[in-house]
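Protein chains: 2
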Amino acid sequence: MGNSRRLEPINDLVERALNGDRRSLSRLISRVENGGPDSWGALSTIYPRTGRARIIGVTGAPGTGKSTLVGEIAKFSRKNQPDQKVGIVAVDPTSPFSGGAVLGDRIRMRDLSGDEGVFIRSMATRGSLGGLARATTDVVKVLDACGYDLILIETVGAGQSEIDIARTADTVIVVEAPGLGDEVQAIKAGILEIADVLCVNKADRDGVQSTINALHAMLDLGTAAKGTLHHGVLMAASAPSATSAERWRPPIVKTIAAEGKGIDELMAAVEQHQAYLTAHPDGQQRARLRAAIELETVLREALLNRLLASVGAGRVDRAIEQIAARTIDPYTAAEQLLRWP
Amino acid sequence: MGNSRRLEPINDLVERALNGDRRSLSRLISRVENGGPDSWGALSTIYPRTGRARIIGVTGAPGTGKSTLVGEIAKFSRKNQPDQKVGIVAVDPTSPFSGGAVLGDRIRMRDLSGDEGVFIRSMATRGSLGGLARATTDVVKVLDACGYDLILIETVGAGQSEIDIARTADTVIVVEAPGLGDEVQAIKAGILEIADVLCVNKADRDGVQSTINALHAMLDLGTAAKGTLHHGVLMAASAPSATSAERWRPPIVKTIAAEGKGIDELMAAVEQHQAYLTAHPDGQQRARLRAAIELETVLREALLNRLLASVGAGRVDRAIEQIAARTIDPYTAAEQLLRWP
């Protein structure tokens, strides 16, 4: 209050961002990305305004064209519902939205970035071990509170934390493409289980039907395996869901995102899934799972930062030196730090 | 002591595993994978015996053939140094070693699994947010202590935690292959920075030279970017390394793993890198970084488990229900749990 720090008070940023100021929104997102108590306060403030956006996760192997698909979903939504704002959060290091793009990708997304109703944010992929997941769900909350009606989270469909990020969405689209190798990538990477909608993109390529057949075969097998996915430490304590007789079977939709084809059917499948979640107990179970993942990511980050603050960087540094010199093992070093003070 | 629990005392397992009993080694690894105080004790016990193995991380996009390469490195080492045992730890969900294999992959690795001097372990990829990284480094330590001279860690080269896992190795081989898409995958995924040796596999394919050229171009640019990789919360406090005048430039080696070609040159490059680490300050910095990552993963897991134990599953469940019902935000819920008791 009244002191002239270089950082603006976060509450001012919150106020202006909620009023629609894009620059303040950008700055608020950066602050939230960095985390810390200041950021927690802001997130608690905006929390009552969240929960209105539809959140779609889009995930798949590199080369499936999911960035193009994300761009097309955004355009489709803007065209059909011009009063609805779209946020894009790119966690995928191969995405044109997050800086890994080749020139063609950048050209394709240029008309999007000129649209005031679209806000694009790429997440740094350098955060370590869970920090990225926490930051991503927080940024989604900020966009949600600031009136973005549709939020698209793009993650690369490999890597545990990236899969966990996708799972915080209401609906997860897993993107596949024919001819990426010997095998359907989604199957090999084990991300089929988190799919609510399967999208076979680049459907003008050879081998599209065999990709679709392989996905159907896996879905036929997969119902038995459903629910075996690890739900984090916290969710393990929670009660399992009642098995509903009519489970959702992910529909398979063909698209050619580079030509804008099939996006309408894809979004219709997303709508159907969201109607299903509203009507079935699975929807509540999903909300609980998401809550557990969110709580766990917040706790993990908070616990480590709290320990660091109480122990001090000097002690941590000495522990690191000792472990590196092999004069102590990491477990004993951790125990010593945990006993401090 | 003396009570007949179903689980064997972990110290018995440790003793038998250290004496070369494979079944006990398997069981010990499962126990260590699950974590917990019991596992910490075992790891502290074996720690003085670790630090002898050479640890090689092999990472790259799906489709680069890195599993085949890992198998060939193991065969090469067994053939040239029959007294040296080889451990393979597969964290990659697309690896034949970790269960995602097609038939051809399985046939290729069959002669390996008949070799008593090779121990293969696939890690469950279902662990959440850091648990997998902790479990993997722990399993590597067990193999190291049990006399495995060469340990190969295979991870898919995308996803932050998977990249962190690869970085715990002495030498990281990043595998690339021509013709996987428009772009060199290693560049797009941002994993070039962790490469100590670059391997262009499937070098009988078209486009191998342009892949090599692209990698060289990136290396020329990349020296400036070196060191920008996030090193975790703990390492951030630590002093940066002195910039050495002669930095290691990752050599680029061509292989055709499916035909066993180029493995000798690849391993020669690995040897050179290990000689470099021994002779240069970078080696010490690397050891510190690895120590920091190890300490951080152990602390993260321990802190959450300790909190869970003190707070109780009931309170956590209620917090999850409240977050799911949107009657509380995750930050406030976390703060309440952290204040307990």
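For the record, the sequence lines run as chains Z and U. Per the working numbering, the first sequence starts with residue 3, numbered consecutively. Per the working numbering, the second sequence starts with residue 3, numbered consecutively. Ideal Cβ placement from N, Cα and C applies to all residues, glycine included. Here the structure is a predicted model, which means the values were calculated and not measured.
Practice item. Just confirm the distance between the C-beta atoms of V151 of chain Z and I58 of chain Z, as a whole number of angstroms; I'd bet it's less than 8 Å. Key: Numbered from its first residue, the first sequence carries residue 151 of chain Z at position 149. Numbered from its first residue, the first sequence carries residue 58 of chain Z at position 56. In the sequence as presented, Val is not what sits at residue 151 of chain Z; that position holds Asp. Between I58 of chain Z and D151 of chain Z the Cβ distance is about 11 Å, and since that is not below 8 Å, they are no contact.
Exercise for review: Identify each residue in the stretch 279-292 of chain Z for which the Cβ-Cβ distance to at least one residue of chain U is less than 8 Å, and report them in chain order.
Suggested key: Q286, A289, R290 and R292
**Study point:** is_contact[D331 of chain U, chain Z] using C-beta, thresh 8 Å
**Key:** Along the second sequence, one-based indexing puts residue 331 of chain U at 329. Taking Cβ atoms only, chain Z reaches closer than 8 Å to D331 of chain U, which makes this a yes.
Exercise for review: Closer than 7 Å, Cβ to Cβ, to anything on chain Z: give me those residues from the stretch 34-66 of chain U, in chain order.
Suggested key: W42, L45, S46, Y49, G53, A63, P64 and G65
Exercise for review: Name the two residues that bound the continuous alpha helix (DSSP H) containing I322 of chain U.
Suggested key: As a first step, residue 322 of chain U must be located in the second sequence, where it is residue number 320. Run containing I322 of chain U: A315 to A326, per the alpha helix (DSSP H) assignment.
Review point. Do A304 of chain Z and L340 of chain U have their C-beta atoms closer together than 8 Å?
Key: Numbered from 1 along the first sequence, position 302 holds the residue referred to as residue 304 of chain Z. Numbered from 1 along the second sequence, position 338 holds the residue referred to as residue 340 of chain U. Against a cut-off of 8 Å, the Cβ pair of L340 of chain U and A304 of chain Z comes out as a contact.
Check your understanding: Between the C-alpha atoms of P50 of chain Z and V255 of chain Z, what's the straight-line distance to the nearest angstrom?
Key -> As a working note, residue 50 of chain Z is residue 48 in the first sequence. As a working note, residue 255 of chain Z is residue 253 in the first sequence. The straight-line gap from Cα to Cα measures roughly 35 Å.
Exercise for review: Using a Cβ-Cβ cut-off of 8 Å, state whether V300 of chain U counts as contacting chain Z.
Suggested key: Looking up residue 300 of chain U in the second sequence gives position 298. Chain Z contact via Cβ: present.
Point to revise | Beta-carbon gap between D146 of chain U and G285 of chain U smaller than 8 Å | key: Along the second sequence, one-based indexing puts residue 146 of chain U at 144. Along the second sequence, one-based indexing puts residue 285 of chain U at 283. No. Outside cutoff.
Point to revise | Where G59 of chain Z sits in the DSSP three-state scheme | key: Position 57 of the first sequence, counting from 1, holds the residue named residue 59 of chain Z. DSSP places G59 of chain Z in strand when its eight states are reduced to three.
Practice item. Flag T138 of chain Z as yes if its beta-carbon sits less than 8 Å from any beta-carbon of chain U, otherwise no. Key: Position 136 of the first sequence, counting from 1, holds the residue named residue 138 of chain Z. No, because no Cβ of chain U sits closer than 8 Å to the Cβ of T138 of chain Z.
Practice item. Could you tell me whether the Cβ of I122 of chain U comes closer than 8 Å to any Cβ of chain Z? Key: Along the second sequence, one-based indexing puts residue 122 of chain U at 120. No - not a single Cβ of chain Z is within 8 Å of the one on I122 of chain U.
Practice item. State yes or no: is the beta carbon of E323 of chain Z nearer than 8 Å to at least one beta carbon in chain U? Key: As a first step, residue 323 of chain Z must be located in the first sequence, where it is residue number 321. Yes, E323 of chain Z counts as interfacial toward chain U.
Check your understanding: Does the stretch 33-44 of chain U come close enough to the stretch 9-22 of chain U to have 3 or more Cβ pairs within less than 8 Å?
Key -> yes
Point to revise | CA nearest to the CA of S79 of chain Z, picked from Z:L154, Z:T334 and Z:G22 | key: Start at 1 with the first residue of the first sequence, and residue 79 of chain Z comes out as number 77. That would be Z:L154, whose Cα lies nearest to the Cα of S79 of chain Z.
Practice item. Please specify which runs of the alpha helix (DSSP H), each continuous and at least 4 residues long, are wholly inside the stretch 263-290 of chain Z, giving them in chain order. Key: 265-281
Practice item. Run down chain Z in chain order and give the residues with a C-beta less than 7 Å from the C-beta of R328 of chain U. Key: Against the second sequence, residue 328 of chain U aligns to sequence position 326. Here the neighbours are G53.
Check your understanding: To which residues does DSSP link C201 of chain Z through a beta bridge?
Key -> Position 199 of the first sequence, counted from the start, is the residue given in the question as residue 201 of chain Z. Answer is Z:V177 and Z:V255.
Check your understanding: In or out: A92 of chain U buried (at least 16 other Cβ within 10 Å) or exposed?
Key -> Mapped onto the second sequence, residue 92 of chain U falls at position 90. Classification of A92 of chain U: buried, given that the 10 Å Cβ count is 16 or more.
Check your understanding: Since T334 of chain U meets chain Z, which of its residues come closer than 7 Å, beta carbon to beta carbon?
Key -> Indexing the second sequence from 1 puts residue 334 of chain U at position 332. Chain Z residues near T334 of chain U: S46.
Point to revise | Endpoints, the beta strand (DSSP E) within which G53 of chain U is located | key: For the purposes of this step, residue 53 of chain U is taken as the residue at position 51 of the second sequence. Where G53 of chain U is concerned, there is no enclosing beta strand (DSSP E), given that its DSSP letter is neither H nor E.
Review point. Counting only beta-carbon atoms, is A294 of chain Z nearer than 8 Å to chain U?
Key: Walking along the first sequence from the start, residue 294 of chain Z turns up at place 292. So yes, A294 of chain Z belongs to the interface.
Practice item. Quick one: grab the DSSP three-state call for I155 of chain U. Key: On the second sequence, residue 155 of chain U is found 153 positions in, with the first residue counted as 1. Of the three classes helix, strand and coil, the one that applies to I155 of chain U here is strand, per DSSP.
Practice item. Find out if the Cβ-Cβ distance for the pair L217 of chain U, E267 of chain U is shorter than 8 Å. Key: As a working mapping, residue 217 of chain U is identified with position 215 in the second sequence. As a working mapping, residue 267 of chain U is identified with position 265 in the second sequence. Result no, Cβ atoms of L217 of chain U and E267 of chain U do not sit closer than 8 Å.
**Study point:** Host beta strand (DSSP E) of G89 of chain U (start-end)
**Key:** As a working note, residue 89 of chain U is residue 87 in the second sequence. G89 of chain U -> beta strand (DSSP E) spans K87 to A92.
Exercise for review: Grab me the residues of I258 of chain Z's own chain with a C-beta within less than 8 Å of its C-beta, minus the 5 sequence neighbours each way, in chain order.
Suggested key: Position 256 of the first sequence, counting from 1, holds the residue named residue 258 of chain Z. The residues are N203, K204, A205, D206 and G264.
Check your understanding: For R123 of chain Z, is the classification buried or exposed, using 16 other Cβ atoms within 10 angstroms of its Cβ as the cut-off for buried?
Key -> Start at 1 with the first residue of the first sequence, and residue 123 of chain Z comes out as number 121. Answer is buried; the Cβ neighbour count reaches 16.
Review point. Nearest-angstrom Cα distance between A63 of chain U and K77 of chain U?
Key: Numbered from its first residue, the second sequence carries residue 63 of chain U at position 61. Numbered from its first residue, the second sequence carries residue 77 of chain U at position 75. Each residue's alpha carbon lies about 22 Å from the other.
Point to revise | Of the listed residues U:P253, U:P84, U:N21 and U:L221, nearest to Q274 of chain U (C-alpha basis) | key: Against the second sequence, residue 274 of chain U aligns to sequence position 272. Nearest of U:P253, U:P84, U:N21 and U:L221 to Q274 of chain U, Cα basis: U:P253.
Exercise for review: Evaluate P39 of chain Z with the Cβ neighbour count: other Cβ atoms within 10 Å of its Cβ, from every protein chain shown; 16 or more gives buried, anything less gives exposed.
Suggested key: Here residue 39 of chain Z is taken as the residue at index 37 of the first sequence, counted from 1. Exposed is the call here.
Check your understanding: Given that a residue counts as buried once 16 or more other Cβ atoms are within 10 Å of its Cβ, and exposed if not, what is T280 of chain U?
Key -> Taking the first residue of the second sequence as position 1, residue 280 of chain U is located at position 278. When all chains shown are included, T280 of chain U counts as exposed.
Check your understanding: Bridge partners of I122 of chain Z, per DSSP?
Key -> Position 120 of the first sequence, counting from 1, holds the residue named residue 122 of chain Z. Z:I90.
Check your understanding: Based on the DSSP secondary-structure assignment, which residues constitute the bridge partners of Y333 of chain Z?
Key -> For the purposes of this step, residue 333 of chain Z is taken as the residue at position 331 of the first sequence. Per DSSP, none; premise fails for Y333 of chain Z.
Exercise for review: Would you please state the rounded distance, in angstroms, between the beta carbons of A326 of chain Z and A289 of chain U? I believe it to be under 8 Å.
Suggested key: Residue numbering aside, residue 326 of chain Z sits at position 324 when the first sequence is read from its first letter. Residue numbering aside, residue 289 of chain U sits at position 287 when the second sequence is read from its first letter. Rounded, the Cβ-Cβ distance is 4 Å, consistent with contact.
Check your understanding: Closest to L194 of chain Z by CA distance: which of Z:H282, Z:R169 and Z:D208 is it?
Key -> If you number the first sequence from 1, residue 194 of chain Z lands on position 192. Among Z:H282, Z:R169 and Z:D208, the Cα nearest to that of L194 of chain Z is on Z:R169.
Check your understanding: What separation, rounded to the nearest whole angstrom, lies between the Cα atoms of H232 of chain U and D166 of chain U?
Key -> Along the second sequence, read from residue 1 onward, the residue named residue 232 of chain U stands at position 230. Along the second sequence, read from residue 1 onward, the residue named residue 166 of chain U stands at position 164. Confidence at H232 of chain U is low in this model, with a pLDDT of 43, below 50, so the placement of that residue should be treated as unreliable; the coordinate-derived value is given next. Approximately 10 Å, taken between the alpha carbons.
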